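Mind the numbering: the sequence shown is residues 39 to 162 in this note's numbering, read in order. These notes concern the structure reproduced below.
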Amino acid sequence: MTSVLIRIRRKNKEYLNVLGFNMGFVTEAGRYPNGFNVNQSRKFDNAAGSDYFVDESEDGRMALHLKQKGSLKLVTHPKARVYTSPRRLMYDGGIFKAFTNRFKLHSKALISYVVVKNKSSVST
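The following block contains the structure:
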């Protein structure tokens, strides 16, 4: 399911595909303009609905900046697989609940992934 979403979001919301992942880039492209700088700092867990929730990430901001210099490339080689901790799954209440939550979220957002252009302050 994730690989399908990644390919769908690539057209208009590609910056969502890099959130929480490793990335490589040419240093000069990363420094222009202002690299990872964001408008507000995020807290550790950035819990939605909390007083400190910020709807922006350093990784997504960097992706938007890098798109001004060129294009983003998705690495799909099996040796480049990303593994992570179950922290977010546990936060959602387990794997089944996490899957259900994400399915609902992405089902609602599917149209925006395809037709709605990014409304960021960074032009791409």
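Glycine residues also receive a C-beta, built at the ideal position from the N, C-alpha and C atoms. Quick caveat: nothing in here was measured; it's all calculated off a predicted structure.
Status (buried if at least 16 other CB within 10 Å, exposed otherwise) for residue i
i: residue 47; result: buried
i: residue 98; result: buried
Separation of residue j from residue i, as counted between CA atoms
i: residue 118; j: residue 89; result: 36 Å
i: residue 122; j: residue 104; result: 24 Å
i: residue 66; j: residue 101; result: 14 Å
i: residue 132; j: residue 142; result: 16 Å
i: residue 108; j: residue 115; result: 21 Å
i: residue 140; j: residue 130; result: 10 Å
i: residue 164; j: residue 49; result: This structure cannot settle anything about residue 164, because the visible part of the chain is limited to 39 through 162.
i: residue 146; j: residue 113; result: 27 Å
i: residue 70; j: residue 63; result: 12 Å
Span of the alpha helix (DSSP H), counted from its first residue to its last, around residue i
i: residue 96; result: 96 to 107
i: residue 66; result: 65 to 69
i: residue 128; result: 125 to 130
i: residue 43; result: 40 to 47
i: residue 140; result: 133 to 152
Contacts around residue i, its chain only, beta-carbon distance under 6 Å, and the 5 residues preceding and following it disregarded
i: residue 55; result: 44 and 47
i: residue 152; result: none
i: residue 57; result: 95, 97 and 98
Cut-off 8 Å between Cβ atoms - residues of its own chain near residue i, not counting five sequence neighbours on either side
i: residue 52; result: 101, 105 and 110
i: residue 127; result: 133 and 136
i: residue 150; result: 50 and 51
Own chain, CB closer than 7 Å to residue i, minus 5 neighbours either side, in chain order
i: residue 144; result: 43
i: residue 154; result: 50
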